[in-house]
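So for the sequence shown, the numbering used here puts the first residue at 440; every next one is plus one. Every residue gets a Cβ at the ideal spot worked out from N, C-alpha and C, and that includes glycine.
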Amino acid sequence: MANVVVVGMQWGDEAKGKVVDYLAQEADYVVRYNGGNNAGHTVVVGDEVYKFHTVPVGVLNEGVTAVITDGVVLDPSVFTSELDGLKERGVTADRIKISGNAHVLMPYHRLLDQLEEANKGDGKIGTTGRGIGPCYADKMSRTGIRVWEFIDPERFRPRLSACIKQKNLLITKVYGGDPLDENQIYEEYAAYAAKMAPYVCDTTVILSDASRECANIVFEGAHGSLLDIDHGTYPFATSSHCVAGGATIGTGVGPTMIDRVIGVTKAYTTRVGEGPCPTELADKTGEYIRERGNEYGTTTGRPRRCGWFDSLAVKYSVRANGVSSIAVTLLDVLTGLDPLQICVGYEIDGTIVREFPTDVAVLGRAVPVYEQVAGWSEDVSKMTTFSELPANAKHYLARIAELVEAPVCMLGVGRRRDQSIILDADMLRM
Ligand code: GDP
Ligand code: IMO
Ligand code: MG
440 MANVVVVGMQ WGDEAKGKVV DYLAQEADYV VRYNGGNNAG HTVVVGDEVY KFHTVPVGVL
500 NEGVTAVITD GVVLDPSVFT SELDGLKERG VTADRIKISG NAHVLMPYHR LLDQLEEANK
560 GDGKIGTTGR GIGPCYADKM SRTGIRVWEF IDPERFRPRL SACIKQKNLL ITKVYGGDPL
620 DENQIYEEYA AYAAKMAPYV CDTTVILSDA SRECANIVFE GAHGSLLDID HGTYPFATSS
680 HCVAGGATIG TGVGPTMIDR VIGVTKAYTT RVGEGPCPTE LADKTGEYIR ERGNEYGTTT
740 GRPRRCGWFD SLAVKYSVRA NGVSSIAVTL LDVLTGLDPL QICVGYEIDG TIVREFPTDV
800 AVLGRAVPVY EQVAGWSEDV SKMTTFSELP ANAKHYLARI AELVEAPVCM LGVGRRRDQS
860 IILDADMLRM
């Protein structure tokens with residue numbers, strides 16, 4: 440048996456969905472432990488494209504129980520429509536479990552996210568506008584609504600009433616916005632609650648029993664380590680624990696139950712939203728990567744900022760996550776770029792540094808130091824073994840592994856599930 444955490448090592452969209460889907464083929468449980476519908480995880484099986492925001496991608500596999508745990512903030516309108524969409528496509532969704540301890544994301548969270556961002560002007564974070572920050576803020580202030588209360592009509596109505604009263608003060612008196620209508624929200628959300636209720640349970644018991652029965656569990660990290668609320672590029676971060684440790688905090692599964700951490704990184708760098716990204720390329724190469732990699736947000740459709748591979752950022756994530764092995768994705772996108780550059784250091788205030796700075800102001804002054812390596816022109820997207828890869832692609836990967844101090848277990852050479860090259864099957868065996 441194995442309990443494996445799959446975690447993003449950059450600023451999100453590293454193709455975690457694809458890696459989790461690959462592992463899910465042998466898994467019994469796939470568990471979402473953090474974030475909300477700010478996540479967008481794409482899985483491509485044959486010609487079918489699935490985009491997941493709240494439901495764990497493992498649901499595509501018949502034998503998998505998909506679990507949404509305590510650390511998640513769940514938008515009932517998004518969850519129920521995602522559920523309907525999956526059912527329409529013939530995906531059996533009755534093996535979904537939702538923790539009663541998860542927090543419910545309400546319309547006032549969404550509205551406040553947008554109002555706060557607009558109010559920040561140039562200091563904005565560039566959030567997805569999905570209400571994530573305000574919902575986690577309520578959780579930490581102990582004023583949030585948990586799923587348990589949400590699905591209990593007797594408790595939901597008075598809790599909603601108290602929340603709306605307080606939020607309307609904020610919306611109208613601080614931001615000059617229009618107040619929300621409690622009755623309208625109650626009616627809409629009571630219907631979602633009734634739809635969600637059959638899925639709700641104590642997921643800590645399920646996962647603890649699963650571990651005792653030696654089941655295979657994949658923990659599906661959302662976002663990326665550099666967006667982690669503590670370990671990311673704060674304040675240009677999301678509001679949850681994205682690093683592998685979040686898998687224990689967000690589920691109630693103890694750290695001793697985790698066997699392995701697989702870190703996912705693109706063969707280059709992307710970022711959506713504001714905040715420093717030292718290797719970003721605002722030129723033709725950046726555009727080449729964006730177009731070849733289809734680098735537009737899965738959730739918001741925003742163009743992603745693209746740049747060269749930043750080994751300092753990924754090495755930092757290897758450390759912050761205790762990564763056992765890395766999956767390097769979207770290798771095919773670099774085909775045709777020659778030479779390639781790898782960031783091996785930063786020049787900051789006249790000094791060369793080799794460690795990723797955690798103070799965002801310092802990171803903002805970092806000028807990348809590049810090492811030039813040869814590219815390749817061969818189409819790698821149909822290759823199925825490491826030995827088939829062009830010599831320069833092998834060298835590129837070997838150099839990345841050396842710089843970030845972690846071995847490569849898997850490669851992505853295309854969007855589809857079968858466009859994966861396995862280097863270390865043991866690392867991926869459940
Ligand atoms: P996630 O949020 O980490 O799950 O990643 P996203 O799904 O948001 O973004 C990754 C994008 O890259 C999606 O459009 C995937 O379909 C696509 N993708 C994943 N792996 C590969 C790959 O190896 N090559 C290419 N070209 N695209 C890939
Ligand atoms: P997946 O799971 C990429 C970014 C936003 C913004 C910042 C804060 O698909 O990798 P938020 O709405 O969370 O308050 O926004 O975090 N962000 C992501 N970027 N992929 C994601 O998720 C992201 N989730 C949040 O763009 O910069
Ligand atoms: Mg994504």
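Secondary structure remark: continuous alpha helix (DSSP H) runs of at least 4 residues inside the stretch 464–527, in chain order: 515–527. Relative to the ligand GDP, Val-483 has its C-beta within less than 6 Å of a heavy atom. One residue after another in chain order, those with a Cβ under 7 Å from a heavy atom of the ligand GDP are Gly-447, Gly-451, Asp-452, Glu-453, Ala-454, Lys-455, Gly-456, Lys-457, Ala-478, Gly-479, His-480, Thr-481, Val-483, Val-703, Gly-732, Asn-733, Thr-737, Thr-768, Leu-769, Leu-770, Asp-771, Val-772, Gly-851, Val-852, Gly-853, Arg-854, Gln-858.
Under DSSP, Ile-787 takes part in a beta bridge, and its partners are Thr-790.
Sequence-distant Cβ neighbours of Lys-455 in its own chain, meaning closer than 8 Å and more than five residues away, are Val-445, Val-446, Gly-447, His-480, Glu-659, Gly-660, Ala-661, Val-703. Burial is judged here by how many other beta carbons sit within 10 angstroms of a residue's own beta carbon; Ser-664 has at least 16 and is buried.
In this structure, Lys-536 sits near Val-506, with a CB-CB distance shorter than 7 Å. For Gly-572, no beta strand (DSSP E) run applies; the uninterrupted alpha helix (DSSP H) run containing it begins and ends at 571–580, by DSSP. Under the 8 Å Cβ criterion, the stretch 626–638 counts as touching the stretch 587–598, having at least three qualifying pairs. In this structure the stretch 635–645 does not touch the stretch 598–614; the number of beta carbon pairs closer than 8 Å is below three.
Taking the C-beta atoms as reference points, Asp-771 is found nearer than 7 Å to Ser-820. By the Cβ rule, the stretch 532–548 does not count as touching the stretch 706–717, because fewer than three pairs are nearer than 8 Å. Of the candidates Ser-763, Arg-868, Leu-769, Leu-551, Leu-551 places its Cα closest to the Cα of Asp-577. Of the candidates Ile-860, Val-700, Tyr-735, Tyr-735 places its Cα closest to the Cα of Arg-744.
Ranked by Cα distance from Thr-519, the options Asp-509, Gly-510, Ala-532, Thr-508 are led by Ala-532. For a cut-off of 8 Å, the C-beta gap from Cys-782 to Ser-750 is around 6 Å, short enough to register as a contact.
One Cα belongs to Asp-617, the other to Glu-555, and the distance between them is close to 14 Å. Sequence-distant Cβ neighbours of Arg-854 in its own chain, meaning closer than 7 Å and more than five residues away, are Val-483.
Per DSSP, the beta-bridge partners of Asp-749 are Cys-782. Contact between the stretch 466–479 and the stretch 675–685 is established, with three or more Cβ pairs separated by less than 8 Å.
At least one heavy atom of the ligand IMO lies closer than 6 Å to the C-beta of Ala-661.
Taking the Cα positions, Thr-493 is about 17 Å away from Tyr-628. Val-503 is positioned such that its CB atom lies no closer than 7 Å to that of Ala-441. For Asn-442, the pairing in a beta bridge is given by DSSP as Ile-656. When the Cα atoms are used, Asn-733 and Leu-769 turn out to be separated by approximately 10 Å.
Looking at the backbone, the Cα of Met-696 and that of Lys-723 are separated by about 46 Å. The Cβ neighbour count for Asn-500, taken over all protein chains shown within 10 Å, is at least 16; the residue is labelled buried. Sorting Gly-746, Glu-786, Arg-596 by C-alpha distance to the C-alpha of Leu-802 places Glu-786 at the top.
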